[in-house]
Amino acid sequence: GKVTEEEIIAHCKERMAAYKYPRQVEFVNEVPKTATGKFLRRALRKT
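Counted the way our numbering counts, the sequence shown spans residues 24 to 70.
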């Protein structure tokens, strides 16, 4: 089934320190990557 934003955040809250868990979750179809296959974190922050 599909996972909701609330379920992901609740899961993280149970397993992470308060300052580490995400405040929001955004679902995307494709994650931008470099030529070597690493995630382009700068591009993710801008979206």
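C-beta atoms are modelled at their ideal positions from N, C-alpha and C, and glycine is treated no differently.
Going by the beta-carbon positions, is the gap between residue i and residue j smaller than 8 Å?
i             : j           : result
cysteine 35   : tyrosine 44 : yes
isoleucine 31 : valine 48   : yes
For residue i, does the three-state DSSP call read helix, strand or coil?
i           : result
arginine 69 : It is worth fixing the name first, because residue 69 is lysine in this sequence and not arginine. Helix.
In chain order, what residues of the same chain lie with their CB nearer than 7 Å to the CB of residue i, ignoring the 5 residues before and after it?
i                : result
phenylalanine 62 : Val54, Lys56
alanine 66       : Pro55
Starting from the C-beta of residue i, find all residues in its chain whose C-beta is less than 6 Å away, skip the five residues before and the five after it, and write them out in chain order.
i            : result
glutamate 28 : Val48
Output the distance between the C-alpha atoms of residue i and residue j, rounded to the nearest integer angstrom.
i           : j            : result
glycine 60  : glutamate 37 : 31 Å
alanine 8   : arginine 46  : No information on residue 8 is available, as it lies outside the stretch 24 to 70 that the chain covers here.
arginine 64 : alanine 58   : 14 Å
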